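Here is the structure we will look at.
Protein chains: 2
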Amino acid sequence: MADIENAFITLPAGFKANGVSAGLKDNGALDLGLVVSDLPCTVSGVYTSNLVKGHSLVRTINLINTGKKVRGIVVNTRVANAGVGKDGVSDADKIASAVAESLGVSSEEILTGSTGTIGVRLPVDKITAAVPGLVEGLSTQEQAAHNAALAIMTTDTVPKEAGATITMSDGREVSIAAIAKGSGMIHPNLATMISVFTTDADIDGKLLDGILHRAVSHTFNRVSVDGDTSVCDMVIVLANGKSGVTVEDGSEDAKLFEEAMTKISEDIARMIASDGEGATKFIEVEVFGASNDKDALNIVTAVARSPLVKTAIFGEDANIGRILTAVGYSGAKFDPEKIDITVNGMLFFRDGVCVPFDEDEAAKLLAEHDIHIVIKLSEGEAYDRMFTCDFSYDYVKINGSYRT
Amino acid sequence: MADIENAFITLPAGFKANGVSAGLKDNGALDLGLVVSDLPCTVSGVYTSNLVKGHSLVRTINLINTGKKVRGIVVNTRVANAGVGKDGVSDADKIASAVAESLGVSSEEILTGSTGTIGVRLPVDKITAAVPGLVEGLSTQEQAAHNAALAIMTTDTVPKEAGATITMSDGREVSIAAIAKGSGMIHPNLATMISVFTTDADIDGKLLDGILHRAVSHTFNRVSVDGDTSVCDMVIVLANGKSGVTVEDGSEDAKLFEEAMTKISEDIARMIASDGEGATKFIEVEVFGASNDKDALNIVTAVARSPLVKTAIFGEDANIGRILTAVGYSGAKFDPEKIDITVNGMLFFRDGVCVPFDEDEAAKLLAEHDIHIVIKLSEGEAYDRMFTCDFSYDYVKINGSYRT
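Residue numbers (numbering that gives the first Met the number 0), protein chains in the order written: chain A, 0 to 403; chain B, 0 to 403.
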């Protein structure tokens, strides 16, 4: 597998993309993105576990559940198209129809995604007016592909793009690429609002479903920015088969393909955590030796979610007792006299007791951008990890006036 | 029951209190508090559910579990006496012994509480040096009692004191009073770090236990500041019987006594939420019509804990979709098309659909200090509520540099 630097969503053969401004964002920034395939695509999706779901997302879930092939997905930002009732359903239909008409395909072949404020109607006229330009600019070129990644951003400060080309067992190549938006209201399950994957592999829908779910489980579903799980989350994979390479269930190629999907998912998950709202630090929390998987997940979740841990890291304050506290209230069973806590290689707690440490050395470690918390228990073999970021003044600023 | 304005912890007969500076806080503020009774007290406690527990707290739990009567409790701030191993146990013993010696009682009659930074040794010498002055100044007077409330504060901006005098069925009076400290690392169970109740009722330990647990369950255990449950939390009741009034299980007096305990607990719980770290708003979240108690609790917890809801309220931004979102991911089962959300009397969502609202009117409502969120479902009869506060820049500031 070759990681592609500066990978674009159009890396896999047969995909085009574009992003334009439909005037939803005040500043004229890109806010409407489109990814389409020349060929019909097998499609698989993973969606938010929030009981409340946005109307654009519900439409996409219903279409994917029919098992029919699709051609692409159109995503707008600024308005979530959620909590507005039946109007929200017809608004999403109108946008998909406008895109489908411009492309000369059926509206059922165009999936929809929306992200932004809840309880506000989509400005359908503005969006449909922008569709002809959006479709006309579709291209395999880097700039157009990059525009799609830019157009789905909300409070993200950088676009999220990743991709890889895999050499299969017979020497032929398959590519996978992804774009995603973070960056707030992020917590398992699901961890990001919207991510779109493309691949030119020829792959059965059921196999693709399995690979996607496994790839997401320890990557996208291990990112927490603020503990809030949004109503619009989805990860969608479009597989158009254009490489001519068929990925068979149980084959070596399926393994290679899954490895690449997982790697790209992890790359994107790390990007989302790094670019969490107001983030100044990337934080990785790992636990070893928990008694079972549930305890391991509870521990990394409690630590990654703790506002006290996150503000201490923002302040570069070695208040490591807060990590011990979070592990203690996580609900996991463990012996508090057998816990070690290491941060960026420095041991702060051994067997539950604070190790005297040099404040200057600790300050130097905590000044780093990447903070790596390792918790070791002696209960069993279970392991888990989570990606998050610190909690800064800017998180409060961004979210105290999100709508305005 | 007569609520006492400006009630002090020495309101019940036979209690004295005091607070002094032992030099633990840099600025010379009070940091060592003591509450003692002339007579031996029946004692009952509720403690943090955190698996990691501070050494001063563990000592208190062990003493209470013996069932023996006690004389009082000494509490220090700034250092939590947690995560320091066996030294922490002997440090707490030394402080209790110093207090006991000054009072002429046994050290097992003096409970201990500590709150502050984890992983740091208590400065025992400083504390024991301050004990003679602490004991000498013990008094029933308001100033001394008030000093005890001041001395247990950490990042609290105001002391928490409440009390009531109850006229029993035979016309005799019993008093109850309480002090508490908040104000961060607060989430059920338990919601406050340390609270001490006094009463001059004569009451059996088992009955007192039951009343305390019930009083705490919907008051202290319904406060969330930041979702973090500390390792030092306790609520302790000292009952010295000096009023001569015996409260019998199953009596009308027991009911009156429990009502007063619950009312005082609620008053203190509201004070703690109002004075949450960096708080500019008090928030009460109520849910009606949930299908069962667990769902009702999950809903108010999710909303009260959501950083997105709390920052929106800080910013006075009517982003009510975030409340809908939090209810949706709470884990509770409900029909998203049958949810109404009202904030300070204004209906924002009816049957899951956003009601068009006047931004100016919404801004006026959200400018109020007290924010009252009411969520109505149509699933059943279950009700719950939670007290919290908003999330401000100051929360980040306070917690980014707590140790310094």
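Ideal Cβ positions, reconstructed from N, Cα and C, are used throughout, including at glycine. Note that this is a predicted model, so its numbers are computed, not measured.
Three-way DSSP call (helix, strand, coil) for residue i in this model
i: Ile322 (chain A); result: helix
i: Val119 (chain A); result: coil
i: Phe313 (chain A); result: helix
i: Met233 (chain B); result: strand
i: Ala190 (chain B); result: Here the model assigns Ala190 (chain B) a pLDDT of 49, short of 50, so the residue's position is not dependable, and the following value carries that caveat. Reduced to three states, the DSSP call for Ala190 (chain B) is coil.
i: Phe256 (chain A); result: helix
i: Leu10 (chain B); result: coil
i: Ser305 (chain B); result: coil
i: Asn26 (chain B); result: coil
i: Pro158 (chain A); result: coil
i: Lys125 (chain A); result: helix
i: Asp201 (chain B); result: strand
i: Thr228 (chain B); result: coil
i: Asn17 (chain B); result: strand
i: Asp334 (chain A); result: coil
i: Gly399 (chain A); result: helix
i: Asn5 (chain A); result: coil
i: Thr449 (chain A); result: A query on residue 449 (chain A) cannot be resolved here, the shown segment of chain A reaching from 0 to 403 and no further.
i: Ser138 (chain A); result: strand
Strand pairing of residue i, partner residues [DSSP]
i: Arg349 (chain B); result: B:Val352
i: His371 (chain B); result: B:Glu283
i: Thr387 (chain A); result: A:Ser223, A:Ile282
i: Leu110 (chain A); result: A:Ile72
i: Phe411 (chain A); result: There is no way to answer for residue 411 (chain A), as the model of chain A reaches only from 0 to 403.
i: Ile405 (chain A); result: Outside the shown range of chain A, which is 0 to 403, sits residue 405 (chain A), and nothing can be said about it.
i: Lys363 (chain A); result: In the DSSP output, where bridge partners are listed per residue, Lys363 (chain A) has none listed.
i: Ile165 (chain A); result: A:Val173
i: Leu31 (chain B); result: B:Val19, B:Asn75
i: Ser36 (chain A); result: A:Phe14
i: Tyr46 (chain A); result: A:Met233
i: Ala381 (chain A); result: A:Ala289
Pairwise C-alpha distance: residue j and residue i
i: Gly13 (chain B); j: Thr387 (chain B); result: 35 Å
i: Asn398 (chain B); j: Thr153 (chain B); result: 12 Å
i: Gly209 (chain A); j: Ser264 (chain B); result: 52 Å
i: Ala190 (chain B); j: Gly277 (chain A); result: Low confidence applies here, because Ala190 (chain B) scores a pLDDT of 49, under 50, leaving its location unreliable; read the following figure in that light. Going from the Cα of Ala190 (chain B) to the Cα of Gly277 (chain A) covers about 28 Å.
i: Arg349 (chain A); j: Val123 (chain B); result: 23 Å
i: Ala179 (chain A); j: Leu211 (chain A); result: 15 Å
i: Ile193 (chain B); j: Leu364 (chain B); result: 34 Å
i: Ser273 (chain B); j: Gly82 (chain A); result: 31 Å
i: Val157 (chain B); j: Val352 (chain B); result: 41 Å
i: Asp383 (chain B); j: Val299 (chain B); result: 7 Å
i: Ala91 (chain A); j: Ala163 (chain A); result: 32 Å
i: Met233 (chain A); j: Gly275 (chain A); result: 17 Å
i: Val88 (chain A); j: Glu107 (chain A); result: 13 Å
i: Gly327 (chain B); j: Ser48 (chain A); result: 9 Å
i: Val244 (chain B); j: Lys375 (chain B); result: 44 Å
i: Asn343 (chain B); j: Ile117 (chain A); result: 20 Å
i: Leu323 (chain B); j: Ile338 (chain B); result: 8 Å
i: Pro39 (chain A); j: Val104 (chain A); result: 10 Å
i: Lys293 (chain A); j: Ser216 (chain A); result: 13 Å
Outcome for residue i when other beta-carbon atoms lying within 10 angstroms are tallied against a minimum of 16
i: Thr65 (chain A); result: exposed
i: Asp43 (chain A); result: Checking the sequence, you will find Ser at residue 43 (chain A) rather than Asp. Under this definition Ser43 (chain A) is a buried residue.
i: Asn297 (chain B); result: buried
i: Gly27 (chain A); result: exposed
i: Pro355 (chain B); result: exposed
i: Asn61 (chain A); result: exposed
i: Lys332 (chain B); result: exposed
i: Phe347 (chain B); result: buried
i: Asp357 (chain A); result: exposed
i: Ser168 (chain A); result: exposed
i: Asp359 (chain A); result: exposed
i: Glu406 (chain A); result: Any property of residue 406 (chain A) remains undetermined from this structure, which presents chain A solely from 0 to 403.
Near the ligand HEM: residue i beta-carbon under 7 Å from a heavy atom
i: Cys40 (chain B); result: As for the ligand HEM, it is missing from this structure, which has no ligand bound.
>> Taking contact to mean 3 or more Cβ pairs, one atom from each stretch, closer than 8 Å, check whether the region 42-55 of chain A and the region 165-175 of chain A are in contact.
In response: Judged by Cβ distances under 8 Å, the region 42-55 of chain A makes no contact with the region 165-175 of chain A, as fewer than three pairs qualify.
> Should the region 360-378 of chain A be regarded as contacting the region 117-134 of chain B, the criterion being three or more beta carbon pairs within less than 8 Å?
Replying inline: Verdict: no, contact absent.
>> Three or more C-beta pairs under 8 Å: does that hold for the region 378-387 of chain B against the region 287-294 of chain B?
In response: Three or more Cβ pairs drawn from the region 378-387 of chain B and the region 287-294 of chain B lie within less than 8 Å of each other, which places the two stretches in contact.
> Are three or more beta carbon pairs between the region 105-118 of chain B and the region 129-148 of chain B nearer than 8 Å?
Replying inline: In short, these stretches do not touch, since the Cβ pair count stays below three.
> Is there contact here, the region 299-313 of chain B with the region 223-239 of chain A, by at least three beta-carbon pairs under 8 Å?
Replying inline: With the rule of 3 Cβ pairs closer than 8 Å, the region 299-313 of chain B counts as touching the region 223-239 of chain A.
> Are there three or more Cβ pairs, one per stretch, closer than 8 Å when the region 128-143 of chain A is compared with the region 94-101 of chain A?
Replying inline: Yes, since at least three Cβ pairs between the region 128-143 of chain A and the region 94-101 of chain A fall closer than 8 Å, the two stretches touch.
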